[in-house]
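Written out below as structure tokens is the structure these notes cover.
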């Protein structure tokens, strides 16, 4: 039988590179979604789920419903005839942004009847002799070829675990996700991404989450001149979140009450100092209708001592 491969990539940059450099052969599904933010449904292909995503993306990111239809929804049809493929390759990175999309993609593949078709994962992250974690498009051609050569075959247990975690992500009780952190699987970065997700909920002492707290710490520690430079720092040193420019811009905008801009430097305001020192709770000034999957961000608090969520 002629080999026919479907590559599900994490974005246009990777798809373009794989095609231009002729690194692989086959069909491509480019995953142009950001399911780590906003409301989600387990069955992302349904009319109701698509309607919710369109409304969220239009309201918060000014992405038109037509754009979403053309760039993502239209791609879903590529999964209607999986039987013509001999293998499926998932290309996703080490961060939370990619991992939420990945588990949603796996859940969708199982519903579409992936059956006995082998599913492989190409995932970047830690690279020998490199200090920082690397995205797929940051790899050299040789490194990218080696990653592809050493791709991991996902077992049915791996696929079912990913789909189950996606189901939990879409439900209203994120505390259940904590029980999956120590599960063994072929997903090297899944556990740390799940921890990073739980830490996105507001800290019970300050009302700010880990990422927001770390941004204030950057302002306090480094000689950052302005918000533009702060954006560069946060994108570079955000850890396992994988946020892009649009997402990080929203995060920083929510922190303006904690910042003061002088002629030469960005500083913490009095509120910023109190928040960083955990001397005052700013939950009530931060609360908004913001979803992570099936739950509102401000319906839970994170306890950084017990690493557990508390329902309000």
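Numbering (the working numbering), first residue to last: 3 to 314.
For every residue, glycine included, the Cβ atom is placed at its ideal position computed from N, Cα and C.
Range covered by the beta strand (DSSP E) that runs through residue i
{"i": "residue 151", "result": "Residue 151 -> not in any beta strand (DSSP E); alpha helix (DSSP H) instead, spanning 143-151."}
{"i": "residue 54", "result": "From DSSP, residue 54 is part of no beta strand (DSSP E) but of the alpha helix (DSSP H) over 49-63."}
{"i": "residue 90", "result": "89-94"}
{"i": "residue 70", "result": "Where residue 70 is concerned, there is no enclosing beta strand (DSSP E), although the alpha helix (DSSP H) it sits in stretches over 67-73."}
{"i": "residue 26", "result": "Segment: none, residue 26 is in no beta strand (DSSP E) and carries neither H nor E."}
{"i": "residue 293", "result": "293-295"}
{"i": "residue 310", "result": "310-313"}
{"i": "residue 207", "result": "Unbroken run through residue 207: none, as it is neither H nor E."}
Which listed residue (the options) has its alpha carbon closest to that of residue i
{"i": "residue 171", "options": "31, 299, 17, 26", "result": "299"}
{"i": "residue 145", "options": "163, 124, 164", "result": "124"}
{"i": "residue 238", "options": "115, 257, 213", "result": "213"}
{"i": "residue 79", "options": "8, 39, 259, 154", "result": "8"}
{"i": "residue 113", "options": "94, 165, 271", "result": "165"}
{"i": "residue 140", "options": "271, 181, 279, 16", "result": "16"}
{"i": "residue 105", "options": "301, 143, 92", "result": "92"}
{"i": "residue 292", "options": "72, 58, 305", "result": "58"}
{"i": "residue 268", "options": "215, 246, 232", "result": "232"}
{"i": "residue 70", "options": "81, 46, 84", "result": "46"}
{"i": "residue 133", "options": "85, 18, 20, 241", "result": "241"}
{"i": "residue 215", "options": "83, 281, 169, 147", "result": "281"}
Contacting residues, own chain, Cβ-Cβ under 7 Å from residue i (five flanking each side not counted)
{"i": "residue 35", "result": "74, 103"}
{"i": "residue 192", "result": "101"}
{"i": "residue 60", "result": "66, 67"}
{"i": "residue 52", "result": "75"}
Outcome for residue i when other beta-carbon atoms lying within 10 angstroms are tallied against a minimum of 16
{"i": "residue 176", "result": "buried"}
{"i": "residue 138", "result": "buried"}
{"i": "residue 2", "result": "Only positions 3 to 314 of the chain appear in the structure, and residue 2 is not among them; the question remains open."}
{"i": "residue 174", "result": "exposed"}
{"i": "residue 76", "result": "exposed"}
{"i": "residue 149", "result": "buried"}
{"i": "residue 204", "result": "buried"}
{"i": "residue 206", "result": "buried"}
{"i": "residue 158", "result": "exposed"}
{"i": "residue 337", "result": "Nothing can be reported for residue 337, as the shown portion of the chain is limited to 3 through 314."}
Unbroken alpha helix (DSSP H) run spanning residue i, endpoints
{"i": "residue 216", "result": "212-223"}
{"i": "residue 168", "result": "158-172"}
{"i": "residue 14", "result": "14-22"}
{"i": "residue 38", "result": "It is not in any alpha helix (DSSP H) - residue 38 carries neither H nor E in the DSSP assignment."}
{"i": "residue 10", "result": "Taken as a continuous stretch (DSSP letters only), residue 10 belongs to no alpha helix (DSSP H), being part of the beta strand (DSSP E) at 7-11."}
{"i": "residue 230", "result": "229-238"}
{"i": "residue 285", "result": "285-288"}
{"i": "residue 249", "result": "247-255"}
{"i": "residue 103", "result": "98-113"}
Neighbourhood of residue i by C-beta, 6 Å cutoff - its chain only, sequence neighbours within 5 removed
{"i": "residue 295", "result": "42, 171, 172"}
{"i": "residue 209", "result": "283, 284, 285, 288"}
{"i": "residue 136", "result": "126, 129"}
{"i": "residue 20", "result": "26"}
Cutoff 9 Å: residue i Cβ touching any chain E Cβ
{"i": "residue 203", "result": "The question asks about chain E, but that chain is absent: this structure has only one protein chain."}
Close beta carbons around residue i, own chain, < 8 Å, minus the five adjacent residues each side
{"i": "residue 3", "result": "The predicted position of residue 3 is uncertain, since its pLDDT is 40 and thus under 50; no value can be drawn from it."}
Can you confirm whether the region 301-314 touches the region 184-202 when touching is taken to mean that 3 or more C-beta pairs between the two stretches lie within less than 8 Å? yes
Stretch pair the region 226-236 + the region 279-294: three plus CB contacts closer than 8 Å: no
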